[in-house]
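Below you'll find the structure, written out as structure tokens, and then a few comments.
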Amino acid sequence: MFKPPVSFSCIRIHGVKVLKLAKQLAFIQGEGDVKDYADGNTLSGRTTKRSFCSNCGGNLFIKPAGGDIILVHSPAIEGSESWVPKKESHPQDRLAWVKEVAFVTKAKTKLGYLVHLDEVELGCTNWDTADMYGDNEDLVGKWFKYSGKRDKIFLATKFGVTPTGINNAPEYIRSAVEKSLKRLGVDQIDLYYAHRADNNVPIEQTVSEMAKLVKEGKVRYLGLSEVSEAALRRAHAVHPIAALQVEYSPFFLDIEEPKIGLLKACEELGVAVIAYSPLGRGMLTGTYKSNDDIPEDDWRKVVPKFSNENFPNILKLVSTLEGIGKKHNATAGQITLAWLLTRSPSVISIPGTKKIKYLKENLDALSIKLTDEEIKEIKGVADEANTSSEETKVYQGNCLCGRVQFTLAGGPFHYAICNCKNCKQSSGSAFLTYAAFKPEQLSFVEGESDVKDYTDSNTQSGRAIKRSFCSHCGGNLFIKPIGRDLVLVHSTAIEGSESWVPERESFPQDRLTWVKDITLATIPKT
Numbered sequence: 001m002f003k004p005p006v007s008f009s010c011i012r013i014h015g016v017k018v019l020k021l022a023k024q025l026a027f028i029q030g031e032g033d034v035k036d037y038a039d040g041n042t043l044s045g046r047t048t049k050r051s052f053c054s055n056c057g058g059n060l061f062i063k064p065a066g067g068d069i070i071l072v073h074s075p076a077i078e079g080s081e082s083w084v085p086k087k088e089s090h091p092q093d094r095l096a097w098v099k100e101v102a103f104v105t106k107a108k109t110k111l112g113y114l115v116h117l118d119e120v121e122l123g124c125t126n127w128d129t130a131d132m133y134g135d136n137e138d139l140v141g142k143w144f145k146y147s148g149k150r151d152k153i154f155l156a157t158k159f160g161v162t163p164t165g166i167n168n169a170p171e172y173i174r175s176a177v178e179k180s181l182k183r184l185g186v187d188q189i190d191l192y193y194a195h196r197a198d199n200n201v202p203i204e205q206t207v208s209e210m211a212k213l214v215k216e217g218k219v220r221y222l223g224l225s226e227v228s229e230a231a232l233r234r235a236h237a238v239h240p241i242a243a244l245q246v247e248y249s250p251f252f253l254d255i256e257e258p259k260i261g262l263l264k265a266c267e268e269l270g271v272a273v274i275a276y277s278p279l280g281r282g283m284l285t286g287t288y289k290s291n292d293d294i295p296e297d298d299w300r301k302v303v304p305k306f307s308n309e310n311f312p313n314i315l316k317l318v319s320t321l322e323g324i325g326k327k328h329n330a331t332a333g334q335i336t337l338a339w340l341l342t343r344s345p346s347v348i349s350i351p352g353t354k355k356i357k358y359l360k361e362n363l364d365a366l367s368i369k370l371t372d373e374e375i376k377e378i379k380g381v382a383d384e385a386n387t388s389s390e391e392t393k394v395y396q397g398n399c400l401c402g403r404v405q406f407t408l409a410g411g412p413f414h415y416a417i418c419n420c421k422n423c424k425q426s427s428g429s430a431f432l433t434y435a436a437f438k439p440e441q442l443s444f445v446e447g448e449s450d451v452k453d454y455t456d457s458n459t460q461s462g463r464a465i466k467r468s469f470c471s472h473c474g475g476n477l478f479i480k481p482i483g484r485d486l487v488l489v490h491s492t493a494i495e496g497s498e499s500w501v502p503e504r505e506s507f508p509q510d511r512l513t514w515v516k517d518i519t520l521a522t523i524p525k526t
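First residue of the sequence shown: 1, per the UniProt record's numbering; consecutive thereafter.
Structure below.
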């Protein structure tokens with residue numbers, strides 16, 4: 001079976017703007033060392049740590065900006081290589097960005113163009129990124145150039161998720177790989193994923209084009225992300241699939257479900273299971289005690305599985321993990337990772353982190369050996385946590401063939417990975433499952449035009465959403481989550497329905513209206 005050359009899972013480089021080496025940046029001890037600071041620039045909304053310059057004693061703030069490390073200094077340091085910001089939000093007399101500086105602990109190290117967290121020295125050499133993760137490919141490419149350690153890293157990246165939807169067309173794949181190679185500054189990508197399945201392109205066609213990249217030497221191995229068991233087998237028949245990336249944690253066990261059959265299929269085919277969000281999207285670390293602890297602007301706030309109604313299940317699972325952790329002198333997160341690696345020899349987890357502290361903590365999970373009783377205990381509590389309220393149990397969707405595609409049990413934020421009963425093809429974009437609806441509130445029609453994708457121009461609605469029809473007037477309806485509410489986007493206002501007239505110009509009333517309660521037609525009226 002394919003295994004990336006790593007001693008532990010891997011690190012997921014997702015949304016990380018800057019990572020720094022402890023040996024290259026040393027902080028002084030003292031009250032001023034640890035005060036938080038954030039200036040008014042739009043790039044620097046993150047909290048940053050304070051230190052002092054050994055040249056002049058001025059405050060220094062380490063802060064990410066784009067793909068570069070910047071040291072924000074109160075006055076410009078005489079003789080240092082510095083850059084004077086052009087924006088007024090970074091006046092020279094207040095802030096300057098410098099590439100080299102000496103700290104009071106005498107840790108004088110040239111940072112160069114970029115300093116990246118040295119996972120290599122920690123033994124974490126399997127890196128996962130994607131072309132849609134902001135400037136992450138550029139960041140990794142700069143690190144390769146700076147460090148000269150490209151040959152030490154097993155590099156995985158992805159294509160297919162675009163601002164306008166999923167695109168796995170052959171011509172797009174060709175364009176995407178060339179751009180990724182250029183950004184990464186490499187001649188070959190070790191593992192290249194189709195980020196999601198494209199309902200408009202047969203999986204065989206996608207994999208056939210990807211296979212050409214292997215023959216051309218641009219890619220070593222092929223991977224898929226969030227596809228059904230049947231789609232995996234069809235793809236594997238065209239060209240060996242090395243890895244399947246899916247969400248997998250004690251809080252999300254869909255892959256183990258016999259009806260879904262993904263874990264079994266991966267074991268049979270020799271496909272590595274790359275488990276993303278192995279810490280339950282942060283919920284299994286013990287950081288959150290209720291939904292109220294989740295920031296208002298955090299998308300997890302509106303996920304039913306993370307609702308206050310279901311939080312007792314989360315807390316029970318975390319409590320179990322913490323209890324077992326005490327026996328091993330480990331955190332709940334470490335026990336979670338250790339448990340996940342017992343599920344199958346095929347499993348490789350990719351916990352994401354922005355801090356060296358947590359990276360080391362994740363790596364230490366390798367040394368934890370759980371007993372059979374502990375493994376069973378976690379599984380039992382995990383099963384209970386996955387059977388929560390009715391709102392999070394059943395979700396329905398449709399396939400492009402026009403028939404009811406799946407009934408999905410599990411988290412509402414998950415993509416569809418089930419197989420169509422009619423055409424046997426898989427779907428990778430059941431975004432409607434993100435919404436918190438009850439099965440009795442929505443019934444999906446069966447018809448050719450029922451399942452076409454639609455995306456409007458509003459910034460909140462970049463997700464692909466499924467089309468159906470109203471039993472009142474026959475107009476198009478689009479199921480879409482907005483905040484905590486399920487909304488049905490309707491082409492015209494429905495007389496007598498409870499509706500809300502959008503205030504934004506991007507949602508003109510004569511085009512879209514959101515309704516809270518409606519019965520969808522089994523036979524669309526025209």
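Every residue gets a Cβ at the ideal spot worked out from N, C-alpha and C, and that includes glycine. Predicted model only: the values in this text are computed from it and were never measured.
Inset, instruction - Could you check which residue in Ala382, Lys376 and Leu321 has the C-alpha nearest to that of Ala365? - result: As a position in the sequence shown, residue 365 is number 365, starting the count at 1. It is Leu321 whose Cα lies nearest to the Cα of Ala365.
Legend entry - Ala211 vs His239 beta-carbon contact at 8 Å: Sequence index remark: in the sequence shown, residue 211 carries index 211 (1-based). Sequence index remark: in the sequence shown, residue 239 carries index 239 (1-based). A contact, by the Cβ cut-off of 8 Å.
Legend entry - Burial state of Leu232 (16 or more Cβ within 10 Å): Against the sequence shown, residue 232 aligns to sequence position 232. So Leu232 ends up on the buried side.
Legend entry - Residue range of the unbroken alpha helix (DSSP H) whose run includes Asn362: As a first step, residue 362 is located in the sequence shown; it is residue number 362 there, counting from the start. DSSP places Asn362 in the uninterrupted alpha helix (DSSP H) bounded by Ile356 to Asp364.
Inset, instruction - Along the alpha helix (DSSP H) that carries Gln334, what are the first and last residues, could you check? - result: What you label residue 334 is simply residue 334 of the sequence shown in a count that begins at 1. It spans Ala332 to Leu340 - the alpha helix (DSSP H) in which Gln334 sits, taken as one unbroken run.
Inset, instruction - Buried or exposed for Pro250, please, with buried defined as at least 16 other CB atoms from any protein chain shown within 10 angstroms of its CB. - result: In the sequence shown, the residue the question calls residue 250 occupies position 250. Buried, by the Cβ-count rule.
Legend entry - C-alpha gap between Ala26 and Thr353, whole angstroms: Counting from one through the sequence shown, the residue named residue 26 turns up at place 26. Counting from one through the sequence shown, the residue named residue 353 turns up at place 353. Low per-residue confidence applies at Ala26: pLDDT is 28, beneath 50, and the placement is therefore not dependable, though the value from the model is reported in the following sentence. If you take the alpha carbons of Ala26 and Thr353, they lie about 21 Å apart.
Legend entry - Rounded straight-line distance, which links the Cα of Leu359 to that of Lys49: As a working note, residue 49 is residue 49 in the sequence shown. As a working note, residue 359 is residue 359 in the sequence shown. Residue confidence is low: Lys49 scores 35 on pLDDT, short of 50, so the model does not pin down where it sits. Its coordinate-derived value is still stated next. Distance between the alpha carbons of Lys49 and Leu359 is about 19 Å.
Inset, instruction - Determine the closest residue to Leu341 out of Ala272, Asn313, Ile153 and Ile356, with distance taken between C-alpha atoms. - result: The sequence position of residue 341 within the sequence shown is 341, counting from 1. Comparing alpha-carbon positions, the option among Ala272, Asn313, Ile153 and Ile356 lying closest to Leu341 turns out to be Ala272.
Legend entry - Asp190, DSSP secondary structure in three states: For the purposes of this step, residue 190 is taken as residue 190 along the sequence shown, with counting starting at 1. Shown here, Asp190 sits in a strand according to DSSP, grouped into three states.
Inset, instruction - Could you say which of Glu171, Leu224, Arg343 and Lys158 lies nearest to Ala382 if we only look at CA atoms? - result: One-based indexing of the sequence shown puts residue 382 at position 382. Of the listed residues, the one whose Cα sits closest to Ala382 is Arg343.
Inset, instruction - Could you name the residues that DSSP lists as bridge partners for Val161? - result: If you number the sequence shown from 1, residue 161 lands on position 161. For Val161, which the question treats as bridged, DSSP gives the partners Ile166.
Legend entry - Local conformation of Glu256 per DSSP, three classes: On the sequence shown, residue 256 is found 256 positions in, with the first residue counted as 1. Secondary structure at Glu256: helix, using DSSP grouped into helix, strand and coil.
Legend entry - Where Arg220 sits in the DSSP three-state scheme: Locating residue 220 in the sequence shown gives position 220, counting from the first residue. Here Arg220 sits in strand by DSSP.
Legend entry - Val381, DSSP secondary structure in three states: Your numbering for residue 381 matches position 381 in the sequence shown. Helix, per DSSP.
Legend entry - Distance, Glu247 Cα to Ala265 Cα: In the sequence shown, counting from the first residue as 1, residue 265 sits at position 265. In the sequence shown, counting from the first residue as 1, residue 247 sits at position 247. Rounded to the nearest whole angstrom, the C-alpha separation of Ala265 and Glu247 is 16 Å.
Inset, instruction - Could you round the C-beta distance between Val186 and Leu155 to whole angstroms and report it? I think they count as a contact, below 8 Å. - result: The residue you call residue 186 lines up with position 186 of the sequence shown. The residue you call residue 155 lines up with position 155 of the sequence shown. Confirmed, Cβ separation roughly 7 Å.
Inset, instruction - Report the residue from Leu181, Lys179, Asp254 and Gly380 whose alpha carbon sits nearest the alpha carbon of Asn313. - result: In the sequence shown, residue 313 corresponds to position 313, counting from 1. Checked all of Leu181, Lys179, Asp254 and Gly380; the closest Cα to Asn313 is Gly380.
Inset, instruction - Sort Tyr133, Val140, Leu315 and Glu374 by Cα distance to Thr125 and report the nearest one. - result: Start at 1 with the first residue of the sequence shown, and residue 125 comes out as number 125. Selected option, being the one with the closest Cα: Val140.
Legend entry - Simplified DSSP state of Tyr133, which is helix, strand or coil: By one-based count along the sequence shown, residue 133 stands at place 133. Tyr133 falls in the coil class under three-state DSSP.
Inset, instruction - In the DSSP assignment, find the alpha helix (DSSP H) that holds Asn313 and state where it starts and stops. - result: For the purposes of this step, residue 313 is taken as the residue at position 313 of the sequence shown. Following the DSSP letters along the chain, one finds Asn313 inside the alpha helix (DSSP H) bounded by residues Phe311 to His328.
Inset, instruction - Identify every residue that forms a DSSP beta bridge with Asn126. - result: By 1-based counting over the sequence shown, the position of residue 126 is 126. According to DSSP, Asn126 bridges with Phe154.
Inset, instruction - Just tell me which of Tyr172, Pro295 and Ser367 has its CA closest to the CA of Lys335. - result: Mapped onto the sequence shown, residue 335 falls at position 335. It should be noted that the sequence gives Ile, not Lys, for residue 335. In this structure, Ser367 is the residue among Tyr172, Pro295 and Ser367 with its C-alpha nearest to the C-alpha of Ile335.
Legend entry - Residue from Lys158, Trp127 and Asp131 with nearest C-alpha to Arg150: Position 150 of the sequence shown holds residue 150. Nearest C-alpha to Arg150: Trp127.
Inset, instruction - Would you tell me roughly how many angstroms separate the C-alpha atoms of Lys215 and Thr157, rounded to the nearest one? - result: Stepping through the sequence shown from its first residue, residue 215 is reached at position 215. Stepping through the sequence shown from its first residue, residue 157 is reached at position 157. One C-alpha to the other measures close to 18 Å.
Legend entry - Where Gly280 falls, given that 16 or more other Cβ within 10 Å makes a residue buried: Within the sequence shown, residue 280 is the residue found at index 280, counting from 1. So Gly280 counts as buried.
Inset, instruction - Note down the Cα distance separating Ser208 from Val227, rounded to an integer number of angstroms. - result: Here residue 208 refers to the residue found at position 208 of the sequence shown. Here residue 227 refers to the residue found at position 227 of the sequence shown. Whole-angstrom Cα-Cα distance: 16 Å.
Inset, instruction - Please determine, among Leu222, Leu184, Asn167 and Glu171, the residue with the shortest C-alpha to C-alpha distance to Asn199. - result: For the purposes of this step, residue 199 is taken as residue 199 along the sequence shown, with counting starting at 1. The candidate whose alpha carbon is nearest that of Asn199 is Asn167.
Legend entry - Member of Ile241, Leu269, Tyr276 and Thr129 whose CA lies at the smallest distance from the CA of Asp254: Looking up residue 254 in the sequence shown gives position 254. Comparing C-alpha distances from Asp254 to each of Ile241, Leu269, Tyr276 and Thr129 shows the shortest one belongs to Tyr276.
Inset, instruction - Can you tell me the Cβ-Cβ gap for Asn291 and Phe311, rounded? I've got them flagged as a contact below 8 Å. - result: Taking the first residue of the sequence shown as 1, we reach residue 291 at position 291. Taking the first residue of the sequence shown as 1, we reach residue 311 at position 311. With 8 Å as the limit, Asn291 and Phe311 qualify as a contact, their Cβ atoms being about 6 Å apart.
Inset, instruction - Would you decide whether Lys289 is buried or exposed? Buried here means 16 or more other CB atoms lie within 10 Å of its CB. - result: Position 289 of the sequence shown holds residue 289. By the neighbour-count rule (16 or more Cβ atoms within 10 Å), Lys289 is not buried but exposed.
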